[in-house]
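Trainee: Got a structure for you, questions after.
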Amino acid sequence: MFNKILIANRGEIAIRIMRACKELEVKTVAIYSDADKNSLFAKYADEAHNIGESAPVKSYLNIEKIINAAEKYGAEAIHPGYGFLAENPNLGKECEKHGIKLIGPKSSVISAMGSKIAARKLMKNAGVPIVPGTEKGIKNSSEAIKMAESIGYPIMLKPSAGGGGIGMRIIWEEDELLRAIDSTESLAKSAFGDATVYLEKYIQEPRHIEFQIIADEHNNIMHAAERECSIQRRNQKLIEEAPSPVMTGKLREKMGSVAVHAASFIGYTNAGTVEFLYSNGSFYFLEMNTRVQVEHPITEAITGIDIVKEQIKIACGEELCCPQDTIRVYGHAIECRINAEDPLNNFTPNPGKITGYRSPGGLGVRVDSGVYNNYTIPSYYDSMISKLIVWGRDREEAISRMRRALSEYIILGVKTTIPFDKAMMASPHFHEGKLHTHFVDEYKNEIMDNMLKVIEEDKDMETRLKSTFLPSRKVAAVSAAVSSYMNKSIAKNKGK
Ligand code: ADP
Ligand code: ADP
Ligand code: MG
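Right under this line is the structure:
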């Protein structure tokens, strides 16, 4: 096993990785930016070093500084987590040059899957069904129009190097396409350093279903079932669950074997995710994420596999913990991404100081958090501050457990997605399990009404819990301010 690992990430995922290291008795090195001086992950690590200014390019995206830190502090391996550098093949290349092990697949594989266009081509060659669309980047608008006509509107205009739902747009007609190309290209250039955009058939109301793949460096590979991630805003996931409510044994076998084939075809090693869009019994390859996924804990909950520990062991040359025929799916898990965003105001990011924090607990509840009481959330990074994961014997139990855990979760000082999550757990349509990627838009009014309802229901409990860390006078003032804001925003939203 490694002696020491450097974690090239921040927030909850940095802590998640360090927890796995601690169980494996591996020492951890955290690197933090100026803005993260007081962050929880820097305090959790065995050693923590400042690597630069707050802007990601000056710190978390700076490969040279990260490699230097690994060498200087004696880390034999680097875990990149998700986001930032995790999908940048140059990190792997530099690691290979410096004799440092990157915990992930080979850089050539990251490279192959990093471009959506290249990945689609490879997958087509592998016989994997892909979303119909162009096989090359768009060169000019007349070509784009021809391509769009042959695919048929509506279409999705997407950055080839994209991630996090950034930059993609639904296009309904030719004029719109002409207007969108330039701006999407420049957005892609500034967000991903690559202006290439392409077209895909827009699949209407699909489900997002993805498979967890784990492969070792001895040609053993398996999938650990699926996750459904259809509850999204701006094409980015908010709530995920496993298994998918639509899954059957037969469909899992079919989609799972396609996912495993896709990964084997490119010589995949370590943990990765094959994403599909699913619609009316058909499924199409969307992309492959060559890293640990934000929502990996729900797979851990239903299979019992510690995915991050497996990543580290595999990088160390060990064999796969559990062959395919030993994988069992047990019960149901749900994850809510807790973002510092205002769900009443179009999920606008809302960083700031947390003035009161109390996390939930009890049977089947897991909190992966990067924050604490009196912590100030910096504005430089992603708005996700923690993840609440629950497990239940079945979907109904998981939903009621999530509802209960959310009612115990108190975060004061910043607006969070918690009221939205509560409203979703109270939605009869969510209970029915008829999910699709536009669910949040379609049931916007119902979700708004539910937010009001659940806030009212949780009021007394919240007041009692707040009184564990605030004087009662302050509790009353905070509660009054929150209620007034909620009522006003909901009234404003309904007026639209
Ligand atoms: P996942 O695919 O793991 O479910 P997301 O798509 O939401 O999760 O992305 C995970 C995190 O990584 C988010 O913080 C997102 O903003 C960030 N991210 C994803 N892809 C990229 C990318 N290509 N470049 C930079 N950040 C990215
Ligand atoms: P990212 O790399 O940003 O995660 P993805 O290609 O995985 O991008 O797509 C993210 C989400 O955007 C999907 O889960 C889905 O909701 C939506 N989406 C992407 N492509 C399509 C498409 N062709 N048709 C319909 N929805 C799509
Ligand atoms: Mg994706």
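All letters in the sequence shown, in the order written, are residues 4 to 499 by the working numbering. By construction, the Cβ of each residue, glycine as well, lies at the ideal position given by its N, Cα and C atoms.
(1) Please list the terminal residues of the continuous beta strand (DSSP E) segment that includes residue 225.
(2) Does the beta-carbon distance from residue 47 to residue 12 come in below 8 Å?
(3) Using three-state DSSP, classify residue 207 as helix, strand or coil.
(4) Taking just the CA atoms, how far does residue 74 sit from residue 332?
(5) Is residue 220 helix, strand or coil when you go by DSSP?
(6) Find out if the Cβ-Cβ distance for the pair residue 292, residue 313 is shorter than 8 Å.
(7) Could you tell me which whole alpha helix (DSSP H) segments of length 4 or greater appear in the segment 404–490?
(8) How about residue 168: is its Cβ closer than 7 Å to a heavy atom in ligand 2?
(9) Would you check whether ligand 4 has a heavy atom nearer than 7 Å to the C-beta of residue 211?
(10) If we count the other Cβ atoms within 10 Å of its Cβ and call it buried at 16 or more, is residue 456 buried or exposed?
(11) Looking at the structure shown, is residue 345 part of a helix, part of a strand, or coil, going by DSSP?
(12) Applying the 10 Å Cβ sphere with the 16-neighbour rule, what's the burial state of residue 422?
(13) Taking 8 Å as the cut-off, decide whether the C-beta atoms of residue 21 and residue 319 are in contact.
(14) Excluding the five sequence neighbours on either side, which residues of its own chain have a C-beta within less than 7 Å of the C-beta of residue 290, listed in chain order?
(15) How far does the beta strand (DSSP E) with residue 243 in it reach, from first residue to last?
(16) Buried or exposed, going by whether 16 or more other CB atoms sit within 10 Å of the CB of residue 307?
(17) Which stretch, first to last residue, makes up the beta strand (DSSP E) that contains residue 350?
(18) Can you tell me where the beta strand (DSSP E) with residue 172 in it begins and where it stops?
(19) Is the segment 259–276 close to the segment 192–202, with three or more CB pairs under 8 Å?
(20) Quick check: what's the CA-CA separation for residue 29 versus residue 322?
(21) Taking the CB atoms as reference points, tell me whether residue 389 and residue 372 lie closer together than 8 Å.
(22) Can you give the Cα-Cα distance for residue 25 and residue 145, rounded to whole angstroms?
(23) Can you name, in chain order, every residue of its own chain whose Cβ lies under 8 Å from the Cβ of residue 489, other than the five neighbours on each side?
(24) Within 10 angstroms of its Cβ, does residue 225 collect 16 or more other Cβ (buried), or is it exposed?
(25) Check whether the segment 235–252 and the segment 74–86 are in contact - that is, three or more C-beta pairs closer than 8 Å.
(26) Relative to ligand 2, is the shortest distance from any of its heavy atoms to the C-beta of residue 179 smaller than 7 Å?
(27) Would you say the beta carbon of residue 134 comes nearer than 7 Å to a heavy atom of ligand 2?
(28) Go to residue 44, then tell me how far its alpha helix (DSSP H) extends in each direction, as first and last residue.
(29) Given residue 324, which residues of its chain have a CB within under 7 Å of its CB, disregarding the five upstream and five downstream residues?
(30) According to DSSP, is residue 109 helix, strand or coil?
(31) Using CA coordinates, which residue listed in 152, 478, 102, 433 is at the minimum distance from residue 77?
(32) What do you reckon, are the CB atoms on residue 228 and residue 330 nearer than 8 Å?
(33) Suppose the cutoff is 7 Å on Cβ atoms and the five residues either side in sequence are ignored; what does the same chain contact list for residue 300 look like?
(34) Under 7 Å from any heavy atom of ligand 3, does the C-beta of residue 278 make it?
(35) State the start and end residues of the unbroken beta strand (DSSP E) segment that holds residue 159.
(36) Mind checking residue 470: buried by the 16 CB within 10 Å criterion, or exposed?
Mentor: In this structure, then:
(1) On the sequence shown, position 222 is the one that residue 225 refers to. It spans 224–236 - the beta strand (DSSP E) in which residue 225 sits, taken as one unbroken run.
(2) Counting from 1 along the sequence shown, the entry for residue 47 is found at position 44. Counting from 1 along the sequence shown, the entry for residue 12 is found at position 9. Their beta carbons are not under 8 Å apart, which means residue 47 does not touch residue 12 by this criterion.
(3) Translated into the one-based positions of the sequence shown, residue 207 becomes position 204. Three-state result, residue 207: coil.
(4) By 1-based counting over the sequence shown, the position of residue 332 is 329. By 1-based counting over the sequence shown, the position of residue 74 is 71. If I take the Cα positions, the gap works out to 41 Å.
(5) The residue you call residue 220 lines up with position 217 of the sequence shown. DSSP places residue 220 in coil when its eight states are reduced to three.
(6) Residue mapping note: residue 292 aligns to position 289 of the sequence shown, counting from 1. Residue mapping note: residue 313 aligns to position 310 of the sequence shown, counting from 1. For residue 292 and residue 313, no; Cβs fall outside 8 Å.
(7) 421–428, 431–435, 442–445, 447–469
(8) For the purposes of this step, residue 168 is identified with residue 165 of the sequence shown, where counting begins at 1. The nearest non-hydrogen atom of ligand 2 is less than 7 Å from the C-beta of residue 168.
(9) Questions concerning ligand 4 fall outside what the structure shown contains, since the ligands it does hold are ligand 1, ligand 2 and ligand 3.
(10) Counted from its first residue, the sequence shown places residue 456 at position 453. Answer is exposed; the Cβ neighbour count stays below 16.
(11) Position 342 of the sequence shown, counted from the first residue, corresponds to residue 345. In the structure shown, residue 345 sits in a strand (DSSP, three-state: E or B).
(12) As a first step, residue 422 is located in the sequence shown; it is residue number 419 there, counting from the start. Answer is buried; the Cβ neighbour count reaches 16.
(13) Position 18 of the sequence shown holds residue 21. Position 316 of the sequence shown holds residue 319. In this structure, residue 319 does not lie closer than 8 Å to residue 21 by Cβ.
(14) Residue 290 sits at position 287 when you count from the first residue of the sequence shown. Here the set comprises 119, 122, 278.
(15) As a working note, residue 243 is residue 240 in the sequence shown. From DSSP, the beta strand (DSSP E) with residue 243 extends over 239–245.
(16) Here residue 307 refers to the residue found at position 304 when the sequence shown is read from its first residue. With fewer than 16 other Cβ atoms within 10 Å, it is exposed.
(17) Position 347 of the sequence shown, counted from the first residue, corresponds to residue 350. Where residue 350 is concerned, there is no enclosing beta strand (DSSP E), given that its DSSP letter is neither H nor E.
(18) Along the sequence shown, one-based indexing puts residue 172 at 169. Segment 172–174, the beta strand (DSSP E) holding residue 172.
(19) no
(20) Within the sequence shown, residue 29 is the residue found at index 26, counting from 1. Within the sequence shown, residue 322 is the residue found at index 319, counting from 1. Looking at the two C-alpha atoms, the distance is approximately 18 Å.
(21) Within the sequence shown, the letter at position 386 stands for residue 389. Within the sequence shown, the letter at position 369 stands for residue 372. Closer than 8 Å, so yes.
(22) As a working mapping, residue 25 is identified with position 22 in the sequence shown. As a working mapping, residue 145 is identified with position 142 in the sequence shown. In a straight line, the C-alpha of residue 25 is about 57 Å away from that of residue 145.
(23) Here residue 489 corresponds to residue number 486 of the sequence shown, with the count starting at 1. Exclusion of the five residues before and after residue 489 leaves 347, 422, 454, 455, 458 as the residues of its chain whose Cβ lies within less than 8 Å of its Cβ.
(24) Here the question's residue 225 lines up with position 222 in the sequence shown. When all chains shown are included, residue 225 counts as buried.
(25) no
(26) Taking the sequence shown and counting its residues from 1, the one referred to as residue 179 is at position 176. Answer for residue 179: no, Cβ out of range of ligand 2.
(27) Stepping through the sequence shown from its first residue, residue 134 is reached at position 131. Flag set: Cβ of residue 134 near ligand 2.
(28) In the sequence shown, counting from the first residue as 1, residue 44 sits at position 41. Here the alpha helix (DSSP H) through residue 44 covers 43–47.
(29) Locating residue 324 in the sequence shown gives position 321, counting from the first residue. Here the set comprises 308, 313.
(30) Along the sequence shown, one-based indexing puts residue 109 at 106. In the three-state reduction of the DSSP assignment, residue 109 falls in the coil class.
(31) Start at 1 with the first residue of the sequence shown, and residue 77 comes out as number 74. Of the listed residues, the one whose Cα sits closest to residue 77 is 102.
(32) The residue labelled residue 228 in the question sits at position 225 within the sequence shown. The residue labelled residue 330 in the question sits at position 327 within the sequence shown. Going by C-beta atoms, residue 228 is nearer than 8 Å to residue 330.
(33) Your numbering for residue 300 matches position 297 in the sequence shown. Around residue 300: 338, 369, 371, 390, 392.
(34) Counted from its first residue, the sequence shown places residue 278 at position 275. Yes, Cβ of residue 278 sits closer than 7 Å to a heavy atom of ligand 3.
(35) Locating residue 159 in the sequence shown gives position 156, where the first residue counts as 1. It spans 158–162 - the beta strand (DSSP E) in which residue 159 sits, taken as one unbroken run.
(36) Translated into positions along the sequence shown, residue 470 becomes position 467. Looking at its Cβ environment, which holds fewer than 16 other Cβ atoms inside 10 Å, residue 470 is exposed.
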